[in-house]
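Visitor: Please see the structure below; I have some questions.
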Amino acid sequence: MKAFRYLVVREGGRPVAVLPVALMDGLDPLGQLRARYPVTGAERGLLTHVWHCYDAWLPGAPQLEAVAGAMRALAVELDADWYGFVNVPRDSPLRAGLVELGFPAEHIEDRFLLDLRGLPHPLAHATRKARTNLRRGLRRAAESGVWQRVGPAGEADLMEIGRLCARTAARHGTGGFYPPDLFAGFVTGLGGLAVAIEIRQEERLVAAGIALRDGRRLHAWACGVDYDVTGGFSPYALLHLATAEQAVREGCEVLEGGRGNPRFKLRHGLSRLALDACLVRV
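Note that the working numbering has the sequence shown beginning at 922, numbered continuously upward.
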């Protein structure tokens, strides 16, 4: 990231919308744009939020037109090649407004959600096979010395969790998303908005997640998994269940399951929401 700015929309001097934007020197860190736009991925791009934010939005049509103009002016000032929004929900007014303003929309990824309202159990919508496998996994895990801890993120070993997240992401070429020192400092700064979920076999950390609270949803924001376990169970499945159960305990309406791993998430009852990029050349 080369630069970071906040675009603030004001009406009569009162701020009514804020949009963070980042200048990326290499606008396609996940390799999702080059198959959809005429880019190599190495270009400079002024993008909304960061790639880790799967929920780009901005309220109000008048604000959107003003923000799009300000983004273009800033992109020119910062010598960007492209500018625009990433991770825009497919069925959102934001996407419709951007398309109307001339931003071509291209599907880049899917986000997964579990609506917990009215569910008797967070696995109520999971397939029968998924429920059977998870029950078997829970039994095997218990027999293999596995236990879990859920609590304030600030009380967990965030350096250890950060290292596990980095190793897991490195398998997909994105290990740099989790520099442990920066990760630990950021999560600590979130205070009560972050909860740590740890799965341990004896004392060894085999799965961990940091979930974020926003008052209505629990976001499964970052996770790491070590599959080198004994006992024939999936640490990732246990982490998912622990996170979903925590969302229920907190009275959340929705569990935000993040992106990726669609086969697992669809089997376990989460629904798919398409995310688009809306980018234009400067």
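Note that CB positions come from ideal geometry on N, CA and C, so glycine has one too.
(1) Output the residue ranges of the beta strand (DSSP E) runs that lie fully inside the segment 1149–1178 and measure 3 residues or longer, sorted by chain position.
(2) My understanding is that residue 954 touches residue 924, with C-beta atoms under 8 angstroms, so please give their C-beta distance in whole angstroms.
(3) Quick one: measure Cβ to Cβ for residue 1121 and residue 1067, integer angstroms, because I've assumed they're closer than 8 angstroms.
(4) Have a look at 929, 1069 and 1142 and flag the residue whose alpha-carbon is nearest the alpha-carbon of residue 1104.
(5) Tell me the residue span of the beta strand (DSSP E) that contains residue 1208.
(6) How would you label residue 994, buried or exposed, when you count the other beta carbons within 10 angstroms and need 16 or more for buried?
(7) Could you pull out every unbroken beta strand (DSSP E) segment of at least 3 residues lying fully inside the segment 1023–1103, listed in chain order?
(8) Round the Cβ separation of residue 936 and residue 929 to the nearest angstrom and send it over; I've been treating them as touching at under 8 angstroms.
(9) Looking only at its own chain, which residues have a Cβ that is under 8 angstroms from the Cβ of residue 1110, when we skip the five neighbours before and after it?
(10) With distances taken from CA atoms, which of 1161, 1117 and 1176 is nearest residue 1135?
(11) Using alpha carbons as the reference points, say which of 1159, 1201, 1073 and 1196 lies closest to residue 1114.
(12) Along the alpha helix (DSSP H) that carries residue 1015, what are the first and last residues, could you check?
(13) Below 8 angstroms on the Cβ atoms is my contact criterion, and I expect residue 1071 with residue 1163 to pass it. Report the Cβ-Cβ distance as a whole number of Å.
(14) Helix, strand or coil for residue 1109, going by three-state DSSP, please let me know.
(15) I need the straight-line Cα distance from residue 1102 to residue 1118, nearest angstrom please.
(16) Nearest-angstrom Cα distance between residue 1043 and residue 1033?
(17) Tell whether a beta-carbon distance below 8 angstroms holds between residue 1086 and residue 1139.
(18) Give the DSSP-derived three-state secondary structure of residue 929 in the structure shown.
(19) Assuming residue 1114 is part of the alpha helix (DSSP H), what are its boundary residues?
(20) Under 8 angstroms: do the segment 1038–1056 and the segment 1149–1163 share three or more Cβ pairs, one atom per stretch?
(21) Look up residue 964 in the DSSP assignment and say whether it is helix, strand or coil.
(22) Counting C-beta neighbours from all protein chains within 10 Å, is the total for residue 1093 16 or more, i.e. buried, or is it exposed?
(23) Compare the C-alpha of residue 1016 against each of 1131, 998, 989 and 1165 and name the closest.
(24) Looking at chain C, is there any beta carbon in it that lies within less than 8 angstroms of the beta carbon of residue 1007?
(25) So, using beta-carbon positions, are residue 1064 and residue 1152 closer together than 8 angstroms?
(26) When burial is assigned at 16 or more other CB atoms within 10 Å of the CB, is residue 1047 buried or exposed?
(27) Going by beta carbon distance, what residues of the same chain come within less than 8 angstroms of residue 1019, once the five residues before and after it are set aside?
(28) Check this for me: beta carbons of residue 1201 and residue 1023, under 8 angstroms apart or not?
Guide: Based on what the coordinates show:
(1) Here no run is fully enclosed.
(2) Locating residue 954 in the sequence shown gives position 33, counting from the first residue. Locating residue 924 in the sequence shown gives position 3, counting from the first residue. With 8 angstroms as the limit, residue 954 and residue 924 do not qualify as a contact, their Cβ atoms being about 19 angstroms apart.
(3) Position 200 of the sequence shown, counted from the start, is the residue given in the question as residue 1121. Position 146 of the sequence shown, counted from the start, is the residue given in the question as residue 1067. Cβ atoms of residue 1121 and residue 1067 come within 8 angstroms of each other, at about 7 angstroms.
(4) The count along the sequence shown starts at 1 and reaches residue 1104 at position 183. The shortest CA-to-CA distance from residue 1104 to any of 929, 1069 and 1142 is the one to 1142.
(5) Limits of the chain in this structure are 922 at one end and 1203 at the other, which puts residue 1208 out of reach.
(6) Your numbering for residue 994 matches position 73 in the sequence shown. It is exposed - the Cβ of residue 994 has fewer than 16 other Cβ atoms within 10 Å.
(7) The qualifying runs are 1026–1036 and 1067–1073.
(8) Here the question's residue 936 lines up with position 15 in the sequence shown. Here the question's residue 929 lines up with position 8 in the sequence shown. Under the criterion of beta carbons closer than 8 angstroms, residue 936 and residue 929 qualify as touching, at roughly 5 angstroms.
(9) In the sequence shown, residue 1110 corresponds to position 189, counting from 1. Nothing listed; no residue qualifies.
(10) Within the sequence shown, numbered from 1, the residue matching residue 1135 stands at position 214. Between residue 1135 and the set 1161, 1117 and 1176, the nearest pair of CA atoms involves 1176.
(11) Reading the sequence shown from its first residue, position 193 is the one you call residue 1114. Looking at the Cα atoms, 1073 is the closest of the given residues.
(12) What you label residue 1015 is simply residue 94 of the sequence shown in a count that begins at 1. Looking at the DSSP string, the run of the alpha helix (DSSP H) that includes residue 1015 is 1014–1021.
(13) Residue mapping note: residue 1071 aligns to position 150 of the sequence shown, counting from 1. Residue mapping note: residue 1163 aligns to position 242 of the sequence shown, counting from 1. With a Cβ gap of about 6 angstroms, residue 1071 and residue 1163 count as contacting.
(14) Here residue 1109 refers to the residue found at position 188 when the sequence shown is read from its first residue. Helix.
(15) For this step, residue 1102 is matched to residue 181 along the sequence shown. For this step, residue 1118 is matched to residue 197 along the sequence shown. The straight-line gap from Cα to Cα measures roughly 19 angstroms.
(16) Start at 1 with the first residue of the sequence shown, and residue 1043 comes out as number 122. Start at 1 with the first residue of the sequence shown, and residue 1033 comes out as number 112. Between residue 1043 and residue 1033, the C-alpha separation is close to 14 angstroms.
(17) Taking the first residue of the sequence shown as 1, we reach residue 1086 at position 165. Taking the first residue of the sequence shown as 1, we reach residue 1139 at position 218. In this structure, residue 1139 does not lie closer than 8 angstroms to residue 1086 by Cβ.
(18) Taking the sequence shown and counting its residues from 1, the one referred to as residue 929 is at position 8. Strand at residue 929.
(19) On the sequence shown, residue 1114 is found 193 positions in, with the first residue counted as 1. Neither: residue 1114 is in no alpha helix (DSSP H) and is coded neither H nor E.
(20) Because the criterion of three Cβ pairs below 8 angstroms is met, the segment 1038–1056 and the segment 1149–1163 touch.
(21) The residue you call residue 964 lines up with position 43 of the sequence shown. Three-state DSSP puts residue 964 in coil, outside helix and strand.
(22) Here residue 1093 is taken as the residue at index 172 of the sequence shown, counted from 1. Its Cβ having fewer than 16 others within 10 Å, residue 1093 is exposed.
(23) Taking the sequence shown and counting its residues from 1, the one referred to as residue 1016 is at position 95. Considering only alpha carbons, the answer is 989.
(24) Considering every chain present, this structure includes no chain C. It has just one protein chain.
(25) One-based indexing of the sequence shown puts residue 1064 at position 143. One-based indexing of the sequence shown puts residue 1152 at position 231. Yes.
(26) In the sequence shown, counting from the first residue as 1, residue 1047 sits at position 126. Burial of residue 1047 is indicated by the presence of at least 16 other C-beta atoms within 10 angstroms of its C-beta.
(27) Counting from 1 along the sequence shown, the entry for residue 1019 is found at position 98. The residues 985, 989, 1005, 1006, 1009, 1026 and 1199, in chain order, have a CB closer than 8 angstroms to that of residue 1019 in the same chain once the five nearest residues on each side in sequence are set aside.
(28) Start at 1 with the first residue of the sequence shown, and residue 1201 comes out as number 280. Start at 1 with the first residue of the sequence shown, and residue 1023 comes out as number 102. Yes, these two residues count as a Cβ contact at 8 angstroms.
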